[in-house]
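Single-structure report; data block below.
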Amino acid sequence: MASSRSLARFWEWGKNIVCVGRNYAEHAKEMGNALPAEPLFFLKPSSAYLREGSPILRPYYCSDLHHEVELGVVIGKRTQAVSQEAAMEHVGGYALCLDMTARDTQKECKKKGLPWTLAKAFSTSCPVSEFVPKEKIPDPHKLKIWLKVNGQLRQEGETSSMIFSIPHLISYISEIVTLEEGDLILTGSPSGVGSVQEGDEIEAGIGDILSMRFKVAQQTRRS
Ligand SMILES: O=C(O)/C=C/C(=O)CC(=O)C(=O)O
Ligand SMILES: [Mg+2]
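In our numbering, the protein residues as written are 564 to 786.
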């Protein structure tokens, strides 16, 4: 198991960002989706990471950029086909994450049966907070995660409402994708996702444990 010290800057060296979707019933409902029978997941590249102080860039091809606030689980050691019972031993800590989504692009991809890469994997699509060592969060299923845009509350969810628990997600994902130390799992968004515009300020937090702020800017196209 890596020490919290080495995981403290996981975004600099963690390889895989695994994002779980439709893991809150209210969010699945607001997007018009049925509840999943088993976890749904997709990937972002590690170049999607963004830290406070730099802006979220709305991609040039997107006219409806959405915020999704999610609890992130940072993997502490190599994890392959772990059981649910042993899964929490593989957690090194947590972080708050945004799964920024080009919603109009995602709708087009869904219509055409295409993967969600353009909608979910663009540069700056994964803003993250500071790292929280596992010892500081005794029960990750008892947290409130929230998000405001320009001071107005948009999302407030309880992690107890996840359809698939964190051990279930780690066990399921690790049978398909081997997870490495420093990898991150985004556990899905509660309801209340919505649009942000150039110049908006997003503030998000885990209860009163931590908060983070990001500005939204427009990506300019090179040619
Ligand atoms: O199915 C849709 O229309 C949208 C699904 C998502 O964007 C899934 C997530 O990323 C999530 O639930 O957090
Ligand atoms: Mg999401």
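Yeah, the Cβ is synthetic: ideal placement off N, Cα and C, and Gly gets one too.
To the nearest angstrom, report how far apart ILE739 and PHE573 are at their CA atoms.
22 Å
Please state whether DSSP places PHE727 in a helix, a strand or coil.
coil
Per DSSP, cross-strand counterpart(s) of HIS629
Looking at the DSSP assignment, HIS629 forms a beta bridge with THR664 and SER758.
Distance between beta carbons of ASN586 and MET725, contact taken as under 8 Å
5 Å
Coil, strand or helix - PHE573 by DSSP
Look at PHE573 here: in three-state DSSP terms it is helix.
In angstroms with no decimal places, state the Cα-to-Cα distance between LEU732 and LEU603.
9 Å
Are the Cβ atoms of LEU742 and VAL637 separated by less than 8 Å?
no
Residues near GLN760 by beta carbon distance below 7 Å, same chain, minus five either side:
Same-chain partners within the cutoff: VAL779.
Do LYS607 and GLU692 count as a contact pair if the criterion is CB distance below 8 Å?
Rather than Glu, the amino acid found at residue 692 in this sequence is Ser. In this structure, LYS607 does not lie closer than 8 Å to SER692 by Cβ.
Element boundaries [beta strand (DSSP E), containing GLN715]:
Looking at the DSSP string, the run of the beta strand (DSSP E) that includes GLN715 is 715–721.
Quick one: what's ARG621 bridged to in DSSP?
GLN781
Skipping 5 residues on each side, what residues in its chain have a beta carbon closer than 6 Å to that of THR668?
CYS625, LEU681 and ALA682
If you measure between the beta carbons of GLY768 and TRP679, is that distance less than 8 Å?
no
What residues come near ligand 2, if near means a beta carbon less than 5 Å from any of its heavy atoms?
GLU631, ASP662 and SER752
Just to check, is the beta-carbon of GLY584 closer than 7 Å to a non-hydrogen atom of ligand 1?
yes
Euclidean distance between Cα positions of SER567 and GLY745
With a pLDDT of only 48 at SER567, under 50, the local geometry of the prediction cannot be trusted, and no value is derived from it.
If you draw a straight line from the C-alpha of MET630 to the C-alpha of THR642, how long is it?
First, the residue type needs correcting, since residue 630 is His and not Met in the sequence shown. Near 29 Å, if we compare the C-alpha coordinates of THR642 and HIS630.
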